[in-house]
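Engineer: Structure in structure tokens, see below.
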DNA sequence: TGACAGTATGTCATATCTGACATACAATAC
DNA sequence: GTATTGTATGTCAGATATGACATACTGTCA
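Chains as they are written, first to last, in the numbering used here: chain L, 204 to 317; chain V, 204 to 317.
Below you can see the structure in the form of structure tokens.
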């Protein structure tokens, strides 16, 4: 029941801004997606800021470099669990995580502060 | 690589407080778990507060009553994605979600404000 | 008592996610 | 040039999550 939407998104190339309007996504669906994209961006940012390579992060996570790349690419095959785990492994506090999640706040006039 | 820990947790009955110390869980692992438990509690609370039955929520989610029950029971088989989706479907804003997540903040003297 | 609405718990087939691998690409240093 | 390091992308077998279903347990109301 979720797959069809993921397919559409993949096909659409994960348009960045408010993805919702032109696909048949519900508010909740698109909010979730934007949240994940937000986490994804945060991950890359934090990792780089700490000078950690994807390979190294992968090791800490007991995962693989390719999966880390997919996480940062916002690949739909990546779960929120994995994104959150990764951030936690990078030492991000739940409080900071919360901030990141709020950053994913829905369209309607909001602007992403890069 | 995650399964063994889930098994242990299940065996341990998902002890509520800071689960970490007596199992071989990393900080990140237990932080993730407590976050999920936090979401889980929040879900039940919000759903009840709105007078929505598990069955009804299940329909809105295109899921089933039993899965909603598992979500609220903190069953390890439930993903963070599903928990978050559910809260969103209940109309919870990303900002409120963020608060819930912060509530899952790690042990070290903190107390769960019910 | 029985009937009912809500919830819990177990199982299962199928959908999805995951780590691992191969391989390609980009930039840098020699 | 070609190593080397970091990253991207595709694929796939195996692991995990999912919805659906059956069934049991709980009130509550008559």
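Using N, Cα and C, we set each Cβ at its ideal position, and we do this for glycine too.
1) Would you mind telling me which residues of chain V sit closer than 8 Å to residue 304 (chain L), beta carbon to beta carbon, in chain order?
2) So the alpha helix (DSSP H) residue 230 (chain L) belongs to, where does it begin and stop?
3) Output, in chain order, the set of chain L residues within a Cβ distance shorter than 8 Å of residue 255 (chain V).
4) Quick check on the DSSP output: the alpha helix (DSSP H) that includes residue 284 (chain V) runs from which residue to which?
5) Which class does residue 314 (chain V) belong to by DSSP, given the choice of helix, strand or coil?
6) To which residues of the same chain is residue 288 (chain L) closer than 8 Å at the C-beta, ignoring the five residues directly before and after it?
7) Would you please state the rounded distance, in angstroms, between the beta carbons of residue 291 (chain V) and residue 250 (chain V)? I believe it to be under 8 Å.
8) Identify the contact partners of residue 234 (chain V) in chain L, using a Cβ-Cβ distance below 7 Å as the criterion.
9) Using a Cβ-Cβ cut-off of less than 8 Å, give me the residues of the region 276-287 of chain V that come near chain L, in sequence order.
10) Does the beta carbon of residue 231 (chain V) sit closer than 8 Å to a beta carbon anywhere in chain L?
11) Could you tell me the boundaries of the alpha helix (DSSP H) in which residue 299 (chain L) lies?
12) I want to verify the contact list: residues of chain L whose CB lies under 9 Å from the CB of residue 258 (chain V), in sequence order.
13) Out of curiosity, what's the CA-to-CA distance linking residue 354 (chain V) and residue 270 (chain L)?
14) Got a sec: is the Cβ-Cβ distance from residue 310 (chain V) to anything in chain L below 8 Å?
Structural biologist: The short version:
1) In the first chain, the residue the question calls residue 304 (chain L) occupies position 101. Near residue 304 (chain L) (Cβ distances below 8 Å), the residues of chain V are 297, 300, 301, 304.
2) Sequence index remark: in the first chain, residue 230 (chain L) carries index 27 (1-based). Start and end: 230-252.
3) Your numbering for residue 255 (chain V) matches position 52 in the second chain. Under the 8 Å cutoff, chain L gives no residues; its nearest Cβ is about 14 Å from residue 255 (chain V).
4) Numbered from its first residue, the second chain carries residue 284 (chain V) at position 81. Start and end: 283-292.
5) The sequence position of residue 314 (chain V) within the second chain is 111, counting from 1. A caution first: residue 314 (chain V) carries a pLDDT of 40, below 50, which makes its placement in the model unreliable, though a value can still be read off. Coil, per DSSP.
6) Sequence index remark: in the first chain, residue 288 (chain L) carries index 85 (1-based). So the list reads 264, once near-sequence residues are dropped.
7) On the second chain, residue 291 (chain V) is found 88 positions in, with the first residue counted as 1. On the second chain, residue 250 (chain V) is found 47 positions in, with the first residue counted as 1. Their Cβ separation, rounded to whole angstroms, is 13 Å, which puts residue 291 (chain V) and residue 250 (chain V) out of contact at 8 Å.
8) Locating residue 234 (chain V) in the second chain gives position 31, counting from the first residue. Near residue 234 (chain V) (Cβ distances below 7 Å), the residues of chain L are 291, 297.
9) 282, 283, 284, 287
10) One-based indexing of the second chain puts residue 231 (chain V) at position 28. Closer than 8 Å: yes.
11) Numbered from its first residue, the first chain carries residue 299 (chain L) at position 96. Residues 297-306.
12) Translated into the one-based positions of the second chain, residue 258 (chain V) becomes position 55. The contacting residues do not exist; residue 258 (chain V) stays about 17 Å from chain L at best.
13) Absent from the structure is residue 354 (chain V), since the part of chain V shown begins at 204 and ends at 317.
14) Locating residue 310 (chain V) in the second chain gives position 107, where the first residue counts as 1. Residue placement at residue 310 (chain V) cannot be trusted, given a pLDDT of 46 that sits under 50; the coordinates are not used to answer.
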